[in-house]
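2 protein chains.
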Amino acid sequence: MAHAIRFLSVDAILAAGEGHQGVPLGMAEIATALYARHLKFDPADPTWPDRDRVVLSNGHGSMLLYSLLHLTGHSHISLDALKRFRELGSPCAGHPEYEPAAGIETTTGPLGQGIANALGMAIAEASLNARFGDGLVDHRTWAFAGDGCLQEGVGQEVIQLAGHLRLGKLTVFWDDNAITDDGATELSISEDVAARFRVASWHVQEIDGHDIAAIDAAIAAAKVDPRPSLIACKTVIARGIPRLEGQRGGHSGKLFPEDRAEMAARLGWTGGSFAIPEPIAAAWRATAASGAQERAAWAKRLADASNAVRDEFERVHGGTLKAGWREAIHAFKQRAAQDGKAEFSIAASGEIAAALYEVLPEMMTACADLEAPTNHKRQLAAFKASDRAGRYLHCGVREHAMGALANGIAAHGGVIPLAVTYLPFSDYERPAMRMAALMGLPTLFVFSHDSIGIGKNGPTHQPVEIIASLRAMPNMLVLRPCDAAEAAEAWEIALLHRTGPISLVFARQSLPQLRRDGGPENRSARGAYVLAEAEGGARRVTLLSTGSEVQIALAARELLQRDGIPTAVVSMPCWSLFEEQGRAYRRDVLGEGCVRVAVEAAVKFGWERWIGEDGGFVGMSGFGASGPAEELYRHFGITPEAVAAQARERL
Amino acid sequence: MAHAIRFLSVDAILAAGEGHQGVPLGMAEIATALYARHLKFDPADPTWPDRDRVVLSNGHGSMLLYSLLHLTGHSHISLDALKRFRELGSPCAGHPEYEPAAGIETTTGPLGQGIANALGMAIAEASLNARFGDGLVDHRTWAFAGDGCLQEGVGQEVIQLAGHLRLGKLTVFWDDNAITDDGATELSISEDVAARFRVASWHVQEIDGHDIAAIDAAIAAAKVDPRPSLIACKTVIARGIPRLEGQRGGHSGKLFPEDRAEMAARLGWTGGSFAIPEPIAAAWRATAASGAQERAAWAKRLADASNAVRDEFERVHGGTLKAGWREAIHAFKQRAAQDGKAEFSIAASGEIAAALYEVLPEMMTACADLEAPTNHKRQLAAFKASDRAGRYLHCGVREHAMGALANGIAAHGGVIPLAVTYLPFSDYERPAMRMAALMGLPTLFVFSHDSIGIGKNGPTHQPVEIIASLRAMPNMLVLRPCDAAEAAEAWEIALLHRTGPISLVFARQSLPQLRRDGGPENRSARGAYVLAEAEGGARRVTLLSTGSEVQIALAARELLQRDGIPTAVVSMPCWSLFEEQGRAYRRDVLGEGCVRVAVEAAVKFGWERWIGEDGGFVGMSGFGASGPAEELYRHFGITPEAVAAQARERL
C-alpha cells in the first residue's frame, strides 16, 4: 500500500517534469499506517464536520496528499487530476491548495504555517467539543512536517503554544530525514529536535518511519496521551529510488524514467504508469469503511440530539450568524451617534466585540499578549488546558502563530476566529494574512495602533506603510473607520464577508464622533461616501480621508468653506469596496472636475488611484517619530491648514 | 549604582507621563554588573570598532539603556535628553533608535529582533576576527531580552542558530520576571526556558538577577565558555516600587510621584529628581576607565600593524569599496550585452555576486536553505563553528532571523551582508526589512522567484502583491531589473547606496538580453529610462514596465509600431529613484500627452502614480495559479496583444 503512494507520486512527477519526491517517498509508510489504521474520514462526505483533519505542512510534498486522496477514493482527485499534476486547472497543484471538498484542508507551501493551522484546528475541535460534547465533536488533527517547518520561527511558536495548551488530539509526524534543500540538516541545526519538543511538554516518540508496525503503535500511544504528540520518524528521503535515497537530490532533483524502472525492480512493483494493482487498490479503498460507519453513527447521534442542539450545531458549521448580532451592532451604533462622545478607538471596537460575543458563542479571540491595550477580551474566559470553554486565547508574544492558527480555526469551521494585535506587528503575522487571502478564509484580523497617533512609543510602533501594504494584498478587505458609527459598520461588513480575510484597523487614541446618523443603513458598505457635501454652490474641492484623519479633512473643509470654496469630505473606510462600485457612484463621490486632496497619516503610495496624478496629498513621506501625538501631527504637517493649502494651490 | 538606574528611569518616566519601568527596575543589577565589571566601551569614542556591542532586545525598557549611556558618560545622552524622554527630538525616544554615536547599536521594540541583531553582530565579529586577528577584533555582544523576545519565533530561530554556530562571544541576559503584558507568563508558556536553550547547545546559567556577585560570576563564566551563553536571571519586575513589584502593572502601569517617594524611602535614596549623588555618579564614570585603556592599546596595535592590514581594516570599517568592484560589474555587463544570450535570471545575479565576492572580501551572504536555486553561494566557503573565515551562512529555513541578523551585521560594520531567499518568503522576513529601512541600514536583500513566472509551484510561491508592498515601504530601494545589463546596474546602485536597505528582485526563469549597450553608463540609476523610443513620428504611446515584462512591452511596441503608432517603451527598474528625478526628466520619460499603459505581472496597486487615473494596466488582479509559466501569462492575459489593445482603446 505504501508503494502505491510511491509509484503514483513518481508517475505524476515524471508526467509534470518536476516536483518534490522526497516527502511522498519518505513518508509513504507513515501515511499508510495513519490512513489504514487510524484516520477518521469518509470520502463520500469530505466535509463531514467530525472528520479528522490532515495537514501536509511540508506542502512541497503535495503528491503524498494527492496520492492518499486518490487512493482513498476522494472523487475530486481523479486519476486524470493526478496525471495533470501541476498543470493549470488541476486540483493537484504544485502545492496543496485549500479545497475541503477535495479533502485538502489548508494551503501549504510556506513552511511552518501548516502546523500552526493544525494547532488552530485542534483548538477549534477542543472548543466545539466543550460546547457540543464527544458525541458530536471528537476528532483529531494530524500534521506532516519536515525539518523546515520546525526551523521556521512559527513552527517553534507552535511547539511552545500547543504544549502549553495540552492539545492532546494534535499529532505531528516529523519526517526526520536529515536532509533539507541545502543538503545535510547539520549545515544549519545541531539541536536534538525531539528533546526540544519534550521541553515544551509534548509526548514524544522516536521511531523508524518505515516500520509500519512501529508507526501504528506510536499512533495508538499518541491517541491516548493527554499531551500533543510528536512522532519523530527516522526516514530515508526519496526511499525507493536507489540513485536518490538519502541524498540531497532526493528532495526535488529531477526524476527520469530510469529512476522509476529501478524503483520498480527494487520494490517488486508490477503496476504500469499510474496503474495500481487491484488488490492494493482495493485495500486502499477499504480504508474508508470504518470512517463511513463512524459517520453514520455520528449522523444518527446528531439526528437524535435535541432540536436546539442540532440547530445550533448546524448553524455554526454552516456559518450562519445568530439572529440578534446585527441588532447588537446597530444598538451600539445608535448609542454612539446619540452620545457623541469623543471616545472612539480600539476600545470601542472591543465594546462592539463584547456585544457580539454575547450573541455569537462561536466567536473566539486570539491575542498576542496585548489584552489590556486592545480591549478585546472583555468578559471572555481564557481558553486553556483546564478550560476548553474559554473563548479568549492568550497567544503570548507570537503573532505569526496567532495569525496562522486563526486561519486553522477558520478552515476547521464552526468557530469564528479573531486575531488581535497592534498594526505595526502585523508584519510578523503577514505570512498568515497572505495565506488567509489566498485561501479565501474569513479570518478576522483586528488591529490597534494604526498610525503616528500612538505618539510617544515612536516609529517602531507607528505604521506608515502597512495600510498600503495590506491594501495591495488581493482579497484582503481593509477597513479603517473614522468613528464609532463607521466602526460598527466595519464590524457588520466583516461578519458578513465570507470569501476572504478582513483587516479592521483602529486607532489607539480617542477620536471624536463624526457621524450623528445612527440608523441601520451601512454607509461604509460602499467603501466610500460623501460624509459632508459641499455647500454654497457646485462642489469645487473633494477632500478624501480615512480613519483618524477624517476629522482633519472636516476641519479643512471648514476653512475652505469659510473662504467660499464649496468643499466636500469623502470618508473612505474601505478602498476595495469602493472600487467595486459602479463608475457613476464613484464619479459622484469623487466629484468630477474637482480638485482632490487626500489626507491620511500614512504614505501616499496607492492614493493616486483616487486623487489622480496631480491631486494633493497630506500624510507621511517617511517613518514617524517619538513624541506626543498632537505634536507629531504638526511636525509632519498633517493639519487642516496643510490640507486647505493643498486644495487652494490647485484651484 | 543600580539604584541610580532605577531613579533616573523613574524620573524620566514620571516626566514623560508614560514609559516602561519594568525592565530598568528589574535589570538594574544585571546592567550594573555588566557595565562596571566587564563591558568594553569608551564613551569618548562610541563607535570604536572593537567595542563590545550591547543590544536591548526588550526595547520598551529603553530607560535602562539611556540611564546607562548617561551614567557612563555618553555625551549624546545628556541629562537634558533624559528629561525630554519620549519628546520629539530627544535621542531618548520611546524605544531605542539606532544611533551609534549615542551608543545605541540598533533600533528595538518589535520583540525578538534585537537578539537576532545581536546574533548578526556576533557573526560579524567572528568573521572580522578571522580576517584581522585578536589584536584588532576581539569583542563581545551582550543582549538583554525579555520573555517576549523568547516567545517570538524569530527569537527561537536565533536560539537554534546561535547554538549551532557556537558563537561563544554572544551572551543573552534573560529577564526572567514571569510577567508579560497580559500578566503571569504561565498564561502563555509552560516550558522550561533554560532547558530549551540547553537543548540548543547554549551554555546556561540560572542566577538571582538582583545579586551583583552572582551576575558578575556568571558573566565571567560566560566569557570563557566556547558556547553562546544564556544567563537566566530570576528578577522581580519593577523592583523597588512596593506597589508594582512583581505585578502585572509593573511592566508599564502609570507611575505617580508617590511611587518614587516610596521607592526612595525603601532604598534609602537621597538624590532628588534626576540627581545622582556624586559618589555614585563618580563610580559610574569610572566604569569607562578600563575601556579607555583598552582602546588606547588597541589603537596602538592598529598603528603598529602593516600598512596593508591597517588600510584594509579602515577600508571595511569606513564602508569604502575596494577598487575593482565596479570594473567587475562592468565586465559582466559588457559580456552580457555582447553575448546577448537568453540567460538572465537569479542565476545571473549570482554570477555578479561571485565577481564581487572576489574583489570584496567583506561581502557575506546569508541564505535561508535555498543555496542551489538562488545561486549566490558560488565559490564561498560556509561560515560555521569550525570555520569563521567562511562567508556563506546556511541560515536554515529561518528567513526572519536571516533578515534580522543581516541587519545586525550591517549595524556592526566592517561586513556587507546579503540576505537571500525567494520573494514570496520575504513576508517572513518583512519585519526585519522594515527595521532596516527605519534604521537606514544598507542591508542587501536579494530575491528570486519574483512572479507567476516561476510557474508550477503555484500561488504560494508567486508574489503578486509583494513588490507593491515593498515599494510602499519608506527608505527601501526596490530594484527589479529586466535583463543582465540592468541587473549589473542594479548591483552597482545597491553597493553605492549607504542610507538604507535595497531589495534586488530577480526572476527565476530565463529572460532575453534586451539591452545591447554594455558601456559603463548606469541607465537604471535614474530609476526609469526610455529603452526604446517611438519611431515614425511624435510619440503617441508610452509602455511602462519592469523586470520580466519589459520583453512583453517591447513586443507590444512592435505590434503598435507596425500599425503606425509611434510607441516608446520605458523600463522602470526602480520607482523611488525615478521619483527623485526632476520633473522635466520624468515628463520626458513618461511622455506628455501620451497614452500610457503599464505591464507588470503583479497587482496594479501603485501604478496609477505613473500611468495616471485612466492609464492602461496589464497585470494580475488576484493571486496566481499552478501551471507552466507561459500558460499562466496567457491565462492571466499578460501578453503583448493585451498591452497593445489597452493602448489602442485609449488612443
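Order-wise, the sequence lines are chains L and X.
Residue 238 in full-length UniProt numbering sits at position 238 of the first sequence; the count goes up by one each step and never skips.
Residue 256 in full-length UniProt numbering sits at position 256 of the second sequence; the count goes up by one each step and never skips.
We put the CB at the ideal spot given by N, CA and C, even for glycine.
For residue i, go through chain C and note every residue whose CB falls closer than 8 Å to its CB, in chain order.
i                      : result
residue 164 of chain X : You won't find chain C in this structure, because its protein chains are L and X.
Output yes if chain X places a C-beta closer than 8 Å to the C-beta of residue i; else output no.
i                      : result
residue 408 of chain L : no
residue 244 of chain L : no
residue 598 of chain L : no
residue 430 of chain L : yes
residue 199 of chain L : yes
residue 29 of chain L  : no
Using a Cβ-Cβ cutoff of less than 6 Å, which residues in the same chain neighbour residue i once the five nearest sequence positions on both sides are dropped?
i                      : result
residue 359 of chain L : 322, 324, 325 and 328
residue 653 of chain L : There is simply no residue 653 of chain L to check, as chain L begins at 1 and stops at 651 in what is shown.
residue 84 of chain X  : 90
residue 607 of chain X : 598 and 617
residue 627 of chain X : none
residue 43 of chain L  : 72, 73, 74 and 288
Relative to the C-alpha of residue i, which candidate in the options has its C-alpha closest?
i                      : options                       : result
residue 404 of chain X : X:17, X:441 and X:624         : X:441
residue 376 of chain L : L:419, L:344 and L:385        : L:419
residue 212 of chain X : X:469, X:416, X:444 and X:26  : X:26
residue 127 of chain X : X:317, X:579 and X:504        : X:317
residue 411 of chain X : X:174, X:41, X:624 and X:125  : X:125
residue 5 of chain L   : L:282, L:31 and L:463         : L:31
residue 622 of chain L : L:601, L:157, L:22 and L:307  : L:601
residue 110 of chain X : X:153, X:380 and X:59         : X:59
residue 244 of chain X : X:350, X:10 and X:651         : X:10
residue 546 of chain L : L:563, L:528, L:561 and L:533 : L:528
Cutting at 8 Å between CB atoms, please list the residues of its own chain near residue i, excluding the five before and the five after it.
i                      : result
residue 225 of chain X : 168 and 203
residue 331 of chain L : 355
residue 334 of chain L : 518 and 519
residue 390 of chain L : 380, 381, 382, 383 and 384
Excluding sequence positions up to five away, which residues of its chain have a Cβ less than 7 Å from the Cβ of residue i?
i                      : result
residue 640 of chain X : 552, 555, 556 and 559
residue 270 of chain L : 277
residue 218 of chain L : 205, 207 and 231
residue 35 of chain L  : 68, 72 and 287
residue 338 of chain L : 518
residue 643 of chain X : 543, 552, 553, 556, 597, 599 and 618
residue 347 of chain L : 375
residue 246 of chain L : 236 and 237
Are the C-beta of residue i and some C-beta of chain L separated by less than 8 Å?
i                      : result
residue 617 of chain X : no
residue 107 of chain X : yes
residue 153 of chain X : yes
residue 136 of chain X : no
residue 88 of chain X  : yes
residue 447 of chain X : no
residue 157 of chain X : yes
residue 636 of chain X : no
For the putative contact between residue i and residue j, defined by C-beta atoms under 8 Å, what is the C-beta separation to the nearest angstrom?
i                      : j                      : result
residue 422 of chain L : residue 400 of chain L : Incorrect: roughly 14 Å between the Cβ atoms, too far for contact.
residue 426 of chain L : residue 447 of chain L : 6 Å
residue 530 of chain L : residue 570 of chain L : 6 Å
residue 46 of chain L  : residue 102 of chain L : 7 Å
residue 475 of chain X : residue 500 of chain X : 4 Å
residue 191 of chain L : residue 200 of chain X : 5 Å
| task | Would you check if the segment 392-406 of chain X and the segment 117-124 of chain X touch, i.e. whether three or more CB-CB distances between them fall below 8 Å? | result | yes
| Inter-stretch contact at 8 Å, needing at least 3 Cβ pairs: the segment 534-542 of chain X / the segment 505-515 of chain X | no
| said: Is it the case that the segment 9-17 of chain L contacts the segment 279-299 of chain L, given that we only count it when at least three CB pairs across the two stretches are under 8 Å? | reply: no
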